[in-house]
Structure formats: C-alpha cells, structure tokens
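Student: In our numbering, the protein residues as written are 166 to 409.
Just so you know, even glycine gets a beta-carbon here, dropped at the ideal spot from N, CA and C.
Okay, here's the structure, questions in a sec.
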C-alpha cells in the first residue's frame with residue numbers, strides 16, 4: 166500500500182511540474198464567401214457537361230424523349246431568368262436594376278422586359294406552364310394579348326406549346342381593324358401590284374415565245390397574226406340574238 170501511495174504522489178508532482186503546452190497560433194479568420202462568389206465545383210461542371218452532352222439515339226422514341234427533355238428545360242430556363250429579373254427589380258435600389266440590365270446582362274433591355282412579362286403571367290396564373298411555348302419571344306405574343314384576344318386564341322387552339330410566333334402575329338392582325346389607308350399607302354400598294362403583274366406577264370410571254378413560238382406583244386401589233394384564241398360557240402352572241 167505504501168508503494169502505491171508513493172507512486173501516486175510522484176505522478177502528481179510530475180503533473181504539477183510539467184510546463185503548460187504552448188498555445189497554438191490561431192489561424193486568421195477567413196471571411197465567408199457568398200454563394201455568388203463560389204466557383205462551380207468540378208462535380209457541378211461535370212453535371213453540366215453531362216446534361217449538355219448529345220445522347221446516342223437510334224429510335225424515334227429515343228430522339229423524341231431527348232428533344233422533349235431539352236424543350237422543357239429551355240422553357241424552365243427563360244422562366245427562371247424572368248423570375249430573377251422580377252425579384253431583382255423589387256430588391257435592388259433605384260437605378261441599380263437598369264444599370265445591371267445595361268451592363269451586366271448578355272441580352273437587351275427589350276429582351277429582359279419580355280422575360281419579366283412572361284414570368285409574371287405564369288406566376289399570376291394568366292398563362293399556364295403546361296401551354297408555355299419554348300421561346301420567350303413566342304410566349305410574349307401570348308401574354309400581350311387582350312383578354313378577348315386570349316379567349317379567341319384559346320377557342321382556335323392557338324394557346325399551345327408548339328405554336329409559332331408567326332401564327333400568333335397573324336391571328337392578332339386578323340382581329341384588329343385595318344388602319345386608314347393614306348394616298349401614299351395606296352400608291353405603294355398599286356405600284357407593288359403593278360410590279361407583281363408585270364413580272365408575271367413577262368414570265369407568260371417568255372413561256373409563249375419559248376414553247377409555242379408566239380410573241381403576244383409583237384403579233385398583236387401586226388393584227389394578232391399567228392395568235393389563235395379558242396372561244397366556245399355559246400360564248401359568242403349572234404346578231405339575231407342581240408336583236409331579240
């Protein structure tokens with residue numbers, strides 16, 4: 166027992182005599198990086214590369230599946246852009262939003278306006294995501310319709326993902342009354358029609374000369390020599406009939 170007590174006493178004395186461990190220098194504080202400043206990781210880049218890679222396809226079903234995937238992804242992308250723009254408009258101080266569009270964005274102010282309008286129409290329920298076209302320029306033609314135009318377009322089956330911009334523009338023009346035609350407008354219309362008819366007459370004359378050996382302008386000047394016009398007998402009235 167005495168040996169045990171002596172051993173414990175020595176251990177305690179050694180612990181008191183041992184110098185305190187030197188303090189380790191603290192590492193300098195590193196400011197937290199914002200999400201915007203964090204570069205994409207290799208995994209993120211690999212995922213992006215994979216999603217953009219062309220998948221080997223051999224059947225109609227495989228091609229259709231891949232095309233639908235990228236079609237839907239394009240719709241989500243421009244819709245997300247519009248939502249970010251609308252959010253930035255609400256949060257950024259006055260003047261910064263416009264400066265951001267003009268200096269920091271890869272598209273014009275007009276394109277940004279279309280993105281915003283489409284996103285707002287979807288988020289407010291005016292335009293369903295199920296019928297959203299795959300391009301913002303096409304979707305914008307829908308969201309700029311009046312309520313009456315929108316109802317008529319729905320009735321005609323034009324509010325669908327595969328509708329074209331030209332179809333929507335033609336539809337709008339068909340509903341709106343024509344503008345008053347000025348004398349200058351009428352003159353331009355007549356000159357355009359004249360040029361079209363003149364070109365058509367030149368084509369007809371060339372075909373007659375080439376394939377039938379007839380020059381209508383030349384032969385008419387000589388009393389229509391060589392020009393034969395077939396007329397049905399009943400189309401020509403007789404003198405007796407005229408007198409009856």
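Apply the 10 Å Cβ neighbour rule to residue 274 and answer buried if 16 or more other Cβ atoms are within range, or exposed otherwise.
Tutor: By 1-based counting over the chain shown, the position of residue 274 is 109. Exposed, by the Cβ-count rule.
Student: Out of 276, 305, 314, which has the shortest C-alpha to C-alpha gap to residue 287?
Tutor: Translated into the one-based positions of the chain shown, residue 287 becomes position 122. Nearest C-alpha to residue 287: 305.
Student: Give a yes or no on contact between the stretch 275-283 and the stretch 239-249, applying the rule of three or more CB pairs nearer than 8 Å.
Tutor: They touch, by the three-pair rule.
Student: Can you look up residue 195 in the DSSP assignment and give me helix, strand or coil?
Tutor: Looking up residue 195 in the chain shown gives position 30. Reliability fails at residue 195, whose pLDDT of 38 lies under 50, so the model's placement of it is uncertain and no value is given.
Student: DSSP three-state label for residue 379, please.
Tutor: If you number the chain shown from 1, residue 379 lands on position 214. Here residue 379 sits in coil by DSSP.
Student: Should residue 370 and residue 382 be called a contact, given that it needs their Cβ atoms to be closer than 9 Å?
Tutor: Here residue 370 refers to the residue found at position 205 of the chain shown. Here residue 382 refers to the residue found at position 217 of the chain shown. Cβ atoms of residue 370 and residue 382: closer than 9 Å.
Student: What would DSSP say about residue 219, mapped onto helix, strand or coil?
Tutor: As a position in the chain shown, residue 219 is number 54, starting the count at 1. The answer is coil: DSSP assigns residue 219 none of H, G, I, E or B.
Student: Is residue 293 helix, strand or coil by DSSP?
Tutor: If you number the chain shown from 1, residue 293 lands on position 128. It is coil, neither helix nor strand.
Student: Pairs of beta-carbons, one from the stretch 348-366 and one from the stretch 325-336, closer than 8 Å: are there three or more?
Tutor: At 8 Å Cβ cutoff, the stretches do not touch.
Student: Is residue 310 helix, strand or coil by DSSP?
Tutor: Walking along the chain shown from the start, residue 310 turns up at place 145. In this structure, residue 310 counts as coil in the three-state DSSP scheme.
Student: I need the boundaries of the alpha helix (DSSP H) containing residue 324, first residue and last residue.
Tutor: In the chain shown, the residue the question calls residue 324 occupies position 159. Careful: residue 324 lies outside any alpha helix (DSSP H) and carries neither H nor E.
Student: Measuring only the C-alpha atoms, how far is residue 277 from residue 342?
Tutor: Start at 1 with the first residue of the chain shown, and residue 277 comes out as number 112. Start at 1 with the first residue of the chain shown, and residue 342 comes out as number 177. Residue 277 and residue 342: Cα-Cα distance of roughly 30 Å.
Student: So, with DSSP's three-state summary, where would you put residue 369?
Tutor: As a working mapping, residue 369 is identified with position 204 in the chain shown. Residue 369 falls in the helix class under three-state DSSP.
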